[in-house]
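Number of protein chains: 2
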Amino acid sequence: MNKPNKPITIKEIARKLRISPSTVSRALNDHPSIGLVTTMRVKKLAEELNYEPNQTAIFFKQRKTFTLGVILPKLSEPFFASAISAIEEVAGEKKFTVLLGQSLDNPERELNIINSFRTHRVDGILMSLGKNTTNLDFIERLRKYEIPIVFFDCVPEGVDDVPKVYCDLSTGIQEAVQAFAERGHKQIALINGPETLKASGERTLSFKKALLDNGLNFDDKYVVYSDLTEESNYQAMEKLRDLADRPSAILAFNDYVTFDIIRYAKEKGIYLGHDIQVISFANYSLWKYMDNPPLASIEQYPAEQGAKAASILLELLDNKDSEEIIQDHIFASKLVYQ
Amino acid sequence: MNKPNKPITIKEIARKLRISPSTVSRALNDHPSIGLVTTMRVKKLAEELNYEPNQTAIFFKQRKTFTLGVILPKLSEPFFASAISAIEEVAGEKKFTVLLGQSLDNPERELNIINSFRTHRVDGILMSLGKNTTNLDFIERLRKYEIPIVFFDCVPEGVDDVPKVYCDLSTGIQEAVQAFAERGHKQIALINGPETLKASGERTLSFKKALLDNGLNFDDKYVVYSDLTEESNYQAMEKLRDLADRPSAILAFNDYVTFDIIRYAKEKGIYLGHDIQVISFANYSLWKYMDNPPLASIEQYPAEQGAKAASILLELLDNKDSEEIIQDHIFASKLVYQ
DNA sequence: TTGTACGCGTTATCAT
DNA sequence: ATGATAACGCGTACAA
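Taken in order, these protein sequences are the chains called A and B. Adding 10 to a residue's 1-based position in the first sequence gives its number in our numbering. Adding 10 to a residue's 1-based position in the second sequence gives its number in our numbering.
Here it is, written out as structure tokens:
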């Protein structure tokens, strides 16, 4: 049975070399005041003994953990998976590691994760809000604790003094409607998310503007809301089918909606891409494998958003005084054809 | 401008209450030897001052960080996304947080991540090996540092004294071949991964056995290898099409291969599910949206693997003496129809 | 150029 | 029931 060999510490190196721990510390950190010989001797022994600085001690002393906390709804959604993948890469370059928390769209979980992050003394937090989050008091609380937070994708409304990275959907919606219009569609529908969701309202507005800009009428009845379950998506489709003037084109709130549209169409014998055209808000890159893919989708740049949010946070940690970074960083969404 | 209000410490509480820090510490931890009144007073003030224990100090002292490091090839692969999602949930229940590292199948990155985890003093590591990893020395090194590691999914070969969680593909392959056989297929092909990959060899063996078990012949020429790029997948298909006796059924190494098969078939006018049947090793749950989905797929239970690996690691951290856990935990893969 | 002494926040040990 | 002290590993102001 091996002895539980305690990790080597500076003290031991000092003892073996019959010098003081501080000298060792300085030597290891290339402090200019330490003689070359001493420095060499220390480094050599440290190498031999496989010395590793105890980060927990350093964190403790420096009040810094080189750790970023990331809170997002669900890791297994491709959108967030690519976002966090990018975040991890950016953080890693600066020797930061990433702590992970999934809110599952549950506000209570969000608060628990934030608490956990706080006690873990993360240096900063990246967050994409859950769909049901209404209480934003935690932002103020984090500010008291001087933990910077940067939001991405799903960002808070009415909070100005916190950095936000998100995608402006209006450009993509504009392009989408234009694409429909150019193909002669007059009746264009929007299957939207829950009416309670901020994102839904915004999409409706952009949608309306896009229609008018393209010389088309806006009619309430062509905007139907879904709570994004399969049933609800089907009901939305039913509503549209029940209209006297059926739409010939549909803009779908997200890819899950699109999937259900595809299934619905298959079941009802509707020929997608012919009877009805669809454009989707894109998360998936699998359309190219499908027989009846949407005409196009609106790219929202998850990886770019994550990377940008991470850089902002890291910059914020570098020079906390630069409060000018506190502004919105907006990516223009774009219509892409597969 | 607010003063940078330092976090409340035990000492301050002690000072304000004119008692000693140790008493405060004990009161907060419900130590039995502290009087009820004192305990109440301490807790009350702590509450008022919003006291939060400094975890970095506790970590430092307890030599424990309540942190698990997770290393896997790529977070944005659905398989790993659901795995880590499950890991995070299991860890969270035990108040552990999860540190993240993506190897991108790069052995050098793997070592860097392990080093970073080590200096961050993670309590344990969960790892799925990258495809190109051959040098396993780090396992021995981690043992020296007494950092337990549990492998999942892609686990090391020839290392017995380390817990491994993985999926036995032979059962799924058996069922797949049987499903083909029952449908009258005689020429069944396997599009395999790179020959250098351990997983490929195993699949070939299981495939061979399954064929023989089902009264079919095994012929080398029906096993083609691909390096999993789109080009290579196409070439694999070409090879099979060039055979005198073309296969009527294909077992595909993973879902990406399947996607390319689908595209290839579409391009060549091959009627999938008719001219050729496909069974895939499943990562995606999107088949139901496709017009020509594979006949079935072999479920490999990523979430279950992740959860199991995490529990084992946590158990290991609880009672390090129980070396009996060090054995393989194997999930039987299963053929599932969408 | 090097050593001494101290502090970071917490808890375990020993004393009272 | 409570207090005093030391210790965890490191960095650093101050002293020599």
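Ideal placement from N, C-alpha and C gives every residue a C-beta, glycine not left out.
What are the start and end residues of the alpha helix (DSSP H) that includes I322 (chain A)? That run of the alpha helix (DSSP H) goes P312 to D328.
In three-state terms, what does DSSP make of I336 (chain B)? Coil, per DSSP.
Per the DSSP calculation, E309 (chain A) is bridged to which residue(s)? A:A292 and A:K344
Report the rounded CA-to-CA distance for I308 (chain A) versus I198 (chain A), giving the unit in angstroms. 16 Å
Report all residues from its chain with a CB closer than 7 Å to the CB of N302 (chain A); omit the five preceding and five following residues, and keep chain order. I272, L282 and G283
Among B:G211, B:F127, B:A220 and B:L345, nearest to E156 (chain B) - alpha-carbon criterion: Looking at the Cα atoms, B:F127 is the closest of the given residues.
Return the Cβ separation of Y311 (chain B) and F291 (chain B) in integer angstroms, given the expectation that the two are a contact with Cβ distance under 8 Å. 12 Å between Cβ atoms; not a contact.
Spatial neighbours of I335 (chain B) within its chain, please: C-beta separation below 7 Å, excluding the five flanking residues on both sides. P173, I322, E325 and L326
Do you know offhand how far M247 (chain B)'s Cα is from I289 (chain B)'s? Roughly 14 Å between the two C-alpha positions.
Residue from A:Y235, A:L221 and A:F106 whose Cα sits closest to the Cα of S180 (chain A): Sorting A:Y235, A:L221 and A:F106 by C-alpha distance to the C-alpha of S180 (chain A) places A:L221 at the top.
Ignore the nearest five residues each way along the sequence and tell me which others in T77 (chain B)'s own chain have a CB closer than 8 Å to its CB. F106, T107, V108, L109, H130, R131, V132 and D133
Chain-ordered chain B contacts of E98 (chain A) [CB-CB under 8 Å]: Taking a Cβ-Cβ cut-off of 8 Å, the neighbours of E98 (chain A) in chain B comprise L85, L110, G111 and Q112, given in sequence order.
Contacts that A67 (chain B) makes with chain A (C-beta to C-beta distance below 8 Å): F70
Determine, using beta carbons only, whether M300 (chain B) comes closer than 9 Å to chain A. yes
Using the Cα positions of T10 (chain B) and A91 (chain B), report the straight-line distance between them to the nearest angstrom. What the structure shows of chain B is the stretch from 11 to 348, and residue 10 (chain B) is not part of that stretch, so it cannot be assessed.
With DSSP as the reference, please indicate the residues paired to N39 (chain A) in a beta bridge. According to DSSP, which records beta bridges pairwise, N39 (chain A) is partnered with nothing at all.
Give the straight-line distance between the Cα atoms of Y299 (chain A) and K276 (chain B), rounded to the nearest whole angstrom. 9 Å
Relative to the alpha-carbon of V187 (chain A), which residue among A:N202, A:V169 and A:D223 has its alpha-carbon at the smallest distance? When only C-alpha atoms are compared, the closest one is A:D223.
So, is the C-beta of S307 (chain A) closer than 9 Å to a C-beta in chain B? no
Contact the stretch 144-151 of chain B vs the stretch 82-100 of chain B: 3+ CB pairs below 8 Å: no
Quick one: what does DSSP say T129 (chain B) is sitting in, helix, strand or coil? helix
Contact list for I272 (chain B) against chain A, beta-carbon separation under 7 Å: Y299
Going along chain B, which residues have a C-beta under 8 Å from P63 (chain A)? T129
Enclosing beta strand (DSSP E) for N202 (chain B) [first to last residue]: I198 to N202
Please determine if the stretch 238-252 of chain B and the stretch 194-210 of chain B are in contact, where contact requires at least 3 C-beta pairs separated by less than 8 Å. The answer is yes - the stretch 194-210 of chain B touches the stretch 238-252 of chain B, with three or more Cβ pairs under 8 Å.
Whole-angstrom Cβ separation of A259 (chain B) and F190 (chain B), contact assumed at under 8 Å? 4 Å
Once the 5 residues before and after D285 (chain A) are set aside, which same chain residues still bring their CB inside 7 Å of it? Nothing meets the Cβ criterion.
Which residues in chain A have a C-beta closer than 8 Å to the C-beta of P88 (chain B)? List them in chain order. S86, P88 and A91
By the 10 Å Cβ neighbour count, where 16 or more other Cβ atoms means buried, how is A254 (chain B) classified, buried or exposed? exposed
Taking Cβ to Cβ, would you say R251 (chain A) is nearer than 9 Å to K278 (chain A)? yes
Please check if any C-beta of chain B sits within less than 9 Å of the C-beta of Y232 (chain A). no
What are the boundary residues of the beta strand (DSSP E) that includes L261 (chain B)? A259 to A262
Helix, strand or coil, according to DSSP, for T268 (chain A) in the structure here? helix
Indicate whether at least one CB of chain B lies closer than 9 Å to the CB of L226 (chain A). Proximity of L226 (chain A) to chain B, defined by a Cβ-Cβ separation below 9 Å, is not satisfied.
Beta-carbon proximity list for L85 (chain A), same chain, < 8 Å, skipping 5 on both sides: A91, I94, L110 and Q112
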